[in-house]
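Below: one structure, written as structure tokens.
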Amino acid sequence: MKYNKVQSNFWISSDVMKWDKNTIFIALYILTNQHRSSEGIYRLPKAYVSEDANFEPHEVEKAFEELIESDFIRYDSETSVIMITKALKYQTVNNPNHQKAALKILKPLPKSYLLIDFIKQADKYCRSFKEFLLESLEDELLAEVQKKKNEIIKNTNDGISVGIDDAIGNPQALTQSLTTPTQKQSRKRNEKMVIDNLNTDISKNIDFADVKLKDSKELWELSPESKAVELTKYLIEKIKDNNYRARVPETDLDNKLFNKWVKELEKINRL
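Take the sequence shown: its position 136, counted from the start at 1, is 136 in the UniProt record's numbering, and no numbers get skipped.
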């Protein structure tokens with residue numbers, strides 16, 4: 001018999017405290033059911049949930065909507081593949097043998113765009129595992145699921161990564177690629193979307209006064225500079241969404257290249 005962990009802080013999560021009883025029960029089922037992989041990505045038809053947990057289909061559907069809205073899970077309805085969004089945060093895959101075992105679980109899964117999300121989470125929580133996956137998974141598979149991912153995000157990602165590939169590692173080229181006349185309208189639309197996201201993040205969780213600058217004792221205040229940090233992070237995330245192999249800086253204020261990107265985007269912000 002295998003065991004799956006549930007973190008003790010599950011019960012005091014702000015999201016969990018807002019869920020109804022059915023949603024909490026189904027969240028626990030997703031965390032602990034017999035189909036689950038320790039890495040948190042596996043196939044789970046909703047009918048399994050209905051049958052195993054004795055819920056009506058409409059109750060399962062409602063709970064899934066709430067869990068997706070909270071980004072507790074991501075779900076590919078076409079393939080019934082589910083991903084527990086932060087599973088790799090609590091179940092790191094650093095050991096080479098563990099990585100090989102995880103690969104054996106991933107390969108038989110239906111071809112889902114969630115594989116790209118999973119690699120992205122691996123990049124965030126366990127970079128050696130991400131590199132292992134990119135080396136081990138077939139290029140054809142990665143290309144196919146990346147195409148599916150691109151089709152899903154193309155409306156929200158319109159124009160933000162056009163011309164980025166040649167600019168990676170070159171902040172001046174990044175400025176030029178984002179300010180060309182042919183991209184002006186797309187850039188305006190994306191800037192509005194980014195600012196809307198920033199305002200949401202600021203109101204929820206982010207206190208920019210707690211972010212320290214490298215080589216400086218001064219604190220970032222809520223200003224165009226601090227918005228540039230979040231804009232840079234957002235841009236990097238979107239580049240990864242569009243091209244999982246892209247070489248981008250770590251989103252860390254101690255990273256020199258990341259700071260250069262911030263400065264260049266701050267220039268754009270002042271245009």
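Glycine included, every Cβ here is placed at the ideal spot set by N, Cα and C.
Since the model is a prediction, treat every value here as computed from it, not as a measurement.
Query	Result
Buried or exposed for residue 105, please, with buried defined as at least 16 other CB atoms from any protein chain shown within 10 angstroms of its CB.	exposed
List the endpoints of the continuous beta strand (DSSP E) containing residue 127.	Here residue 127 belongs to no beta strand (DSSP E); instead the alpha helix (DSSP H) covers 127-136.
Residues in its own chain within less than 8 Å of residue 136 by CB, not counting five upstream and five downstream?	103
For residue 231 and residue 265, I'd like the C-alpha separation in whole angstroms.	8 Å
Using DSSP bridges, identify the partner residues of residue 74.	83
What residues are listed by DSSP as bridge partners for residue 41?	83
Report the residue from 78, 4, 252 and 119 whose alpha carbon sits nearest the alpha carbon of residue 28.	4
To which residues of the same chain is residue 126 closer than 7 Å at the C-beta, ignoring the five residues directly before and after it?	88, 92, 93 and 94
Scan the segment 5-54 and note each continuous beta strand (DSSP E) run of 3 residues or more that stays entirely inside, going in chain order.	41-43
Quick check: the Cα distance between residue 233 and residue 259, rounded to an integer number of angstroms?	11 Å
To the nearest angstrom, how far is it from the Cα of residue 75 to the Cα of residue 50?	16 Å
Would you check if there are 3 or more beta carbon pairs closer than 8 Å linking the segment 47-62 to the segment 11-18?	no
Is the separation between the beta-carbon of residue 41 and that of residue 118 shorter than 8 Å?	yes
By Cβ distance, which residues of its chain are closer than 7 Å to residue 83, with the 5 residues on each side in sequence left out?	40, 41, 73, 74, 114, 117 and 118
Let me know the alpha helix (DSSP H) ranges lying completely inside the segment 85-127, each 4 residues or longer, listed in chain order.	87-90, 96-106 and 114-125
Near residue 134, what residues of its chain come up, given a Cβ to Cβ distance below 6 Å and the 5 sequence neighbours on each side ignored?	none
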